[in-house]
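Chemist: Before I ask anything, here is the structure I am working with.
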Amino acid sequence: MVHLVNVPVAEPERAGETAPRRNAKLKDHTPIKRPVGYKANTIYEFMLEAFNKGGDRHAIGYRDIVEVHKEKKMVKKMVDGEEQEVEKTWLFYELTDYKYESYKQLNKYVHDYGRGLIQLGLKPSGEHKLHIFASTSHKWMKTFLASQSQAIPVVTAYDTLGEKGLTVSLTQTESNAIFTDNHLLSALINPLQKAKDIKFIIHSEPIDPKDKRQEGELYQEAKSAVDKILEVRPDIKIVSLDEVHQMGKDSPDTPVNPPSASDLSCIMYTSGSTGDPKGVVLTHENILSGVAGVSFIIDRSLINEKDRIIAFLPLAHIFELAFELIAFYWNGTIGYANVKTLTDTSTRNCSGDIKTFKPTIMVAVAAVWETIKKGIMAQIAKQPALTQKLFWGCYNYKLKNWKVPGSTYLIDNFIFKKVKQATGGNLRFVLNGGSPISKDTQIFISNLLCPMLIGYGLTETVANTTVVHPDDFEFDVQGALSGSITVKLVDVADAGYYAKNDQGEIWIRGYPVTPEYYKNEKETKDSFDPDGWFKTGDIGEWTKTGQLKIIDRKKNLVKTLNGEYIALEKLESVYRSNTYVQNICVYADQNHAKPVGIVVPNETAIKSLALELGLIKSESDDIHKALHEPKLVNKVSKALVSTAKSQGLNGIELIAGLVFSDEEWTPQNGFVTSAQKLQRKKILEANKKEVDQAYARS
Numbered sequence: 001m002v003h004l005v006n007v008p009v010a011e012p013e014r015a016g017e018t019a020p021r022r023n024a025k026l027k028d029h030t031p032i033k034r035p036v037g038y039k040a041n042t043i044y045e046f047m048l049e050a051f052n053k054g055g056d057r058h059a060i061g062y063r064d065i066v067e068v069h070k071e072k073k074m075v076k077k078m079v080d081g082e083e084q085e086v087e088k089t090w091l092f093y094e095l096t097d098y099k100y101e102s103y104k105q106l107n108k109y110v111h112d113y114g115r116g117l118i119q120l121g122l123k124p125s126g127e128h129k130l131h132i133f134a135s136t137s138h139k140w141m142k143t144f145l146a147s148q149s150q151a152i153p154v155v156t157a158y159d160t161l162g163e164k165g166l167t168v169s170l171t172q173t174e175s176n177a178i179f180t181d182n183h184l185l186s187a188l189i190n191p192l193q194k195a196k197d198i199k200f201i202i203h204s205e206p207i208d209p210k211d212k213r214q215e216g217e218l219y220q221e222a223k224s225a226v227d228k229i230l231e232v233r234p235d236i237k238i239v240s241l242d243e244v245h246q247m248g249k250d251s252p253d254t255p256v257n258p259p260s261a262s263d264l265s266c267i268m269y270t271s272g273s274t275g276d277p278k279g280v281v282l283t284h285e286n287i288l289s290g291v292a293g294v295s296f297i298i299d300r301s302l303i304n305e306k307d308r309i310i311a312f313l314p315l316a317h318i319f320e321l322a323f324e325l326i327a328f329y330w331n332g333t334i335g336y337a338n339v340k341t342l343t344d345t346s347t348r349n350c351s352g353d354i355k356t357f358k359p360t361i362m363v364a365v366a367a368v369w370e371t372i373k374k375g376i377m378a379q380i381a382k383q384p385a386l387t388q389k390l391f392w393g394c395y396n397y398k399l400k401n402w403k404v405p406g407s408t409y410l411i412d413n414f415i416f417k418k419v420k421q422a423t424g425g426n427l428r429f430v431l432n433g434g435s436p437i438s439k440d441t442q443i444f445i446s447n448l449l450c451p452m453l454i455g456y457g458l459t460e461t462v463a464n465t466t467v468v469h470p471d472d473f474e475f476d477v478q479g480a481l482s483g484s485i486t487v488k489l490v491d492v493a494d495a496g497y498y499a500k501n502d503q504g505e506i507w508i509r510g511y512p513v514t515p516e517y518y519k520n521e522k523e524t525k526d527s528f529d530p531d532g533w534f535k536t537g538d539i540g541e542w543t544k545t546g547q548l549k550i551i552d553r554k555k556n557l558v559k560t561l562n563g564e565y566i567a568l569e570k571l572e573s574v575y576r577s578n579t580y581v582q583n584i585c586v587y588a589d590q591n592h593a594k595p596v597g598i599v600v601p602n603e604t605a606i607k608s609l610a611l612e613l614g615l616i617k618s619e620s621d622d623i624h625k626a627l628h629e630p631k632l633v634n635k636v637s638k639a640l641v642s643t644a645k646s647q648g649l650n651g652i653e654l655i656a657g658l659v660f661s662d663e664e665w666t667p668q669n670g671f672v673t674s675a676q677k678l679q680r681k682k683i684l685e686a687n688k689k690e691v692d693q694a695y696a697r698s
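Numbering (full-length UniProt numbering) for the sequence shown: 1 to 698.
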């Protein structure tokens, strides 16, 4: 008899739906509201319990910037089909070692900071809202927790949201204060002319003329931004985080204002990858039950106070926020890092964050894992032929024997040791979430570094839906349902997904599910059925073992010329695993039978290919001109089709052609969101001419 990870708990409610399912451990029980072993009903009460249990153990670690080193180089770039030479500036960061604060110290800091918010002029108990517009850091998390201690709802927005999206989040919520990083102050100048409710700005670092980092530019830029803000909004009070914290320390008699479970904790704005960002309303009960749901699957028997969790994904993304709160539940140590300084590539006179912190657990999105995989493969390709043969022989041996206890000890601790050290050498498991990842990449990371677990959730469900439990580990599935929700699949007839085949749109109900989108009645009405089921827009299926597997998003299902649908995200996760690809956007429409790939090239692999084809003379040569050479384009196209076939894609899913993007896609230039989701419309607009030419050639 097959052990089912998720089990039916009732009959289907109507035709065209599967039976609703829960985690098998809750077959005869109702979903849970609070983390196992906790009595908390709010995030504030949860914080008190976690911090009291943590005591003198390290809660958080962080690094300060000592200096920013600038290097300028001339690079070649294709502009309207012509090669041009432009100057580009690279920044390299010199950092301190990690500094740590205990749970006891963090508890005191958060309470002092919360009192400081009241002394600054913010009103507690839901009267005022505090907007966080900043990069992930210990200061972001301290601001969030300090607000919870005074029942001040927090509004979160990605630090790359853009002027329009930021203005929407500020004005729609009528936020009264904003916490931001010094380098983001200039982004507030225009939005603040419309966001009239903002009365206070808290910036993350002091603006000090003695700050000579980056030749004094950090000070000058922040000072200039403050001056410009005060020109347009002289009524705003601008202070540093240190000043607010000191206000609280000087006012120990200022009372705490604890929230209730039904109070608003957070309005979290989505990244806006499919249109204007939406404000997701999350109460204390929503967030706490979300923490409870995931911790029900990955509990203290798996993760404990000895673990070190590296944190660098955007905290404005629910996936990261929920996971860090769960790390506090485990009483682990969170080490704050930055994507720019994660590896040694962009650091000077110090190691990158991973090598320095040496995490045991790492959470990332698919783009990060693909980069790590390709970096490892590039290093292997540089080794002598005999070394490569030994490496891949060991790799294949472990792949066949990974379930046999002790059979791969020598391989892991000697042959793969150097590879493991690139990520600190201590990883026990890693987690992918936020976007699909190819099965091949999951296998590669799991085989070389440590098991890669897959998670799936949404902002609207506090990152709750599924996580793969190590005891039920399978590749290419999203896993066991969290302990706080119930899930069913509903027919998507026009795309050929039917509940009778255990496939359909994923609908979720439970304590973590948002009650509404903020001041957006239409979106709320469209996203819920009358019985309270949230329509995720994601297509899933139940596997033979009862695990949930994600197929694609309804919005990314595209009907092609022959009337068949293709799933764009599914294709991208496969093609992205190819060695020549750093990132890819698959485009398809009703006028063509097959898709086209818009590719950001993996420069290392492409240079090797260009050398092989005689298009460049050395690895120091620029490759932009080579990217437009037909024989290189054809060679990469064939390689992508080969990858697709090896991973089971069918005829209509094979690309008809590809075009290379001349720009890397970053949140800063707007081609991807902070959560690394593709901004499809912008990518197509920038490459429309080349896409049309690729279709014409095919």
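No residue lacks a Cβ here, since even glycine has one placed at the ideal position from N, Cα and C.
CA-CA distance, V365 and T180?
Modeler: Those two C-alpha atoms are separated by around 24 Å.
Chemist: Would you mind reading off the limits of the beta strand (DSSP E) that contains N6?
Modeler: Where N6 is concerned, the enclosing beta strand (DSSP E) stretches over 6-8.
Chemist: Buried or exposed for M1, please, with buried defined as at least 16 other CB atoms from any protein chain shown within 10 angstroms of its CB.
Modeler: Annotation note: pLDDT 48 at M1 (below 50); position unreliable, coordinate value reported separately. Result: exposed.
Chemist: Just reading off the beta strand (DSSP E) that C350 is part of, what are its end residues?
Modeler: It is not in any beta strand (DSSP E) - C350 carries neither H nor E in the DSSP assignment.
Chemist: Please report the residue range of the beta strand (DSSP E) in which D538 lies.
Modeler: Looking at the DSSP string, the run of the beta strand (DSSP E) that includes D538 is 534-542.
Chemist: From the DSSP output, read off the bridge partner residues of K99.
Modeler: Answer is Y62, bridged to K99.
Chemist: Quick check on the burial criterion: 16 or more other C-beta atoms within 10 angstroms. Buried or exposed for N396?
Modeler: Exposed, since its Cβ has fewer than 16 Cβ neighbours within 10 Å.
Chemist: Are the CB atoms of C394 and R428 within a distance shorter than 8 Å?
Modeler: Result no, Cβ atoms of R428 and C394 do not sit closer than 8 Å.
Chemist: Please state whether DSSP places K199 in a helix, a strand or coil.
Modeler: K199: coil per DSSP, three-state reduction.
Chemist: Tell me the rounded alpha-carbon separation between K607 and E619.
Modeler: Cα to Cα, K607 sits roughly 6 Å from E619.
Chemist: Helix, strand or coil: how does DSSP classify E67 here?
Modeler: E67 falls in the strand class under three-state DSSP.
Chemist: So, does the region 114-124 touch the region 57-65, judging by three or more C-beta pairs under 8 Å?
Modeler: Verdict: no, contact absent.
Chemist: Which residue spans inside the region 224-286 form an unbroken alpha helix (DSSP H) run of at least 4?
Modeler: Runs of the alpha helix (DSSP H) inside the region 224-286: 241-249.
Chemist: Helix, strand or coil for D494, going by three-state DSSP, please let me know.
Modeler: If DSSP states are grouped into helix, strand and coil, D494 belongs with the helices.
Chemist: How many angstroms separate the CA atom of D622 from the CA atom of M74?
Modeler: Spanning the two alpha carbons is a distance of roughly 10 Å.
Chemist: Please check the pair Q119 and S251, which I expect to be a contact at CB under 8 Å, by giving their CB distance rounded to whole angstroms.
Modeler: Going by Cβ atoms, the distance from Q119 to S251 rounds to 5 Å, so yes, they are a contact pair.
Chemist: Here's a check: name, in chain order, each residue in its chain whose Cβ is nearer than 7 Å to the Cβ of E664, leaving out the five neighbours to either side.
Modeler: So the qualifying residues of the chain are V600.
Chemist: So, at 6 Å on beta carbons, what are the nonlocal neighbours of E215 in its own chain, with the 5 sequence-adjacent residues on each side left out?
Modeler: None.
Chemist: Beta-carbon within less than 6 Å of Q676's beta-carbon, same chain only, minus the 5 sequence neighbours each way: which residues are those?
Modeler: If we look at Q676 and ignore the five residues flanking it on each side, its Cβ neighbours are V365, A367.
Chemist: Taking C-beta to C-beta, are L288 and A40 nearer than 8 Å?
Modeler: Yes, the Cβ-Cβ distance between L288 and A40 is below 8 Å.
Chemist: Which residue marks the beginning of the alpha helix (DSSP H) containing R697, and which one marks its end?
Modeler: 680-697 is the extent of the alpha helix (DSSP H) around R697.
Chemist: For F133 and N176, what's the separation of their Cα atoms in angstroms?
Modeler: Rounded to the nearest angstrom, the two C-alpha atoms are 13 Å apart.
Chemist: Where does W402 sit, in a helix, a strand or coil, going by DSSP?
Modeler: W402: coil per DSSP, three-state reduction.
Chemist: Mind pulling the alpha helix (DSSP H) runs of 4 or more residues that sit fully within the region 562-601?
Modeler: The qualifying runs are 568-575.
Chemist: Considering only the alpha carbon of each residue, which of L640, Y511, V492 lies closest to G16?
Modeler: That would be V492, whose Cα lies nearest to the Cα of G16.
Chemist: As a quick exercise: from L649, F660, R697, N650, pick the residue whose alpha carbon is nearest that of L632.
Modeler: The shortest C-alpha separation from L632 is found at F660.
Chemist: Given a threshold of 16 other Cβ atoms within 10 Å of its Cβ, counted over all protein chains shown, does W90 qualify as buried or as exposed?
Modeler: By the 10 Å Cβ count, W90 comes out exposed.
Chemist: From which residue to which residue does the alpha helix (DSSP H) around E521 run?
Modeler: Run containing E521: 521-527, per the alpha helix (DSSP H) assignment.
Chemist: Return the CA-CA distance between T42 and T371, expressed in angstroms with no decimal places.
Modeler: So the two alpha carbons sit approximately 38 Å from each other.
Chemist: So N432 is in the alpha helix (DSSP H); what residue range does that whole segment cover?
Modeler: It is not in any alpha helix (DSSP H) - N432 instead sits in the beta strand (DSSP E) that spans 429-432.
Chemist: Could I get the ranges of all uninterrupted beta strand (DSSP E) runs contained in the region 2-57, with 3 residues as the minimum, in chain order?
Modeler: Runs found: 6-8, 21-23.
Chemist: Taking 7 Å as the limit between beta carbons, can you name the residues of its chain near A639, skipping five residues before and five after?
Modeler: Once the five neighbours on either side are set aside, the close Cβ partners of A639 are N578, Y580.
Chemist: Report buried or exposed for T459, applying the criterion of at least 16 other Cβ atoms within 10 angstroms of its Cβ.
Modeler: It is buried - the Cβ of T459 has at least 16 other Cβ atoms within 10 Å.
Chemist: Should E11 go down as buried or exposed, given a rule of 16 or more other Cβ atoms within 10 Å for buried?
Modeler: When all chains shown are included, E11 counts as exposed.
Chemist: For E221, which of L185, A195, E243 has the nearest alpha-carbon?
Modeler: Nearest option by C-alpha distance: L185.
Chemist: My assumption, with CB atoms under 8 Å, is that G433 sits in contact with F296. Please give the rounded CB distance.
Modeler: Not a contact, Cβ separation roughly 17 Å.
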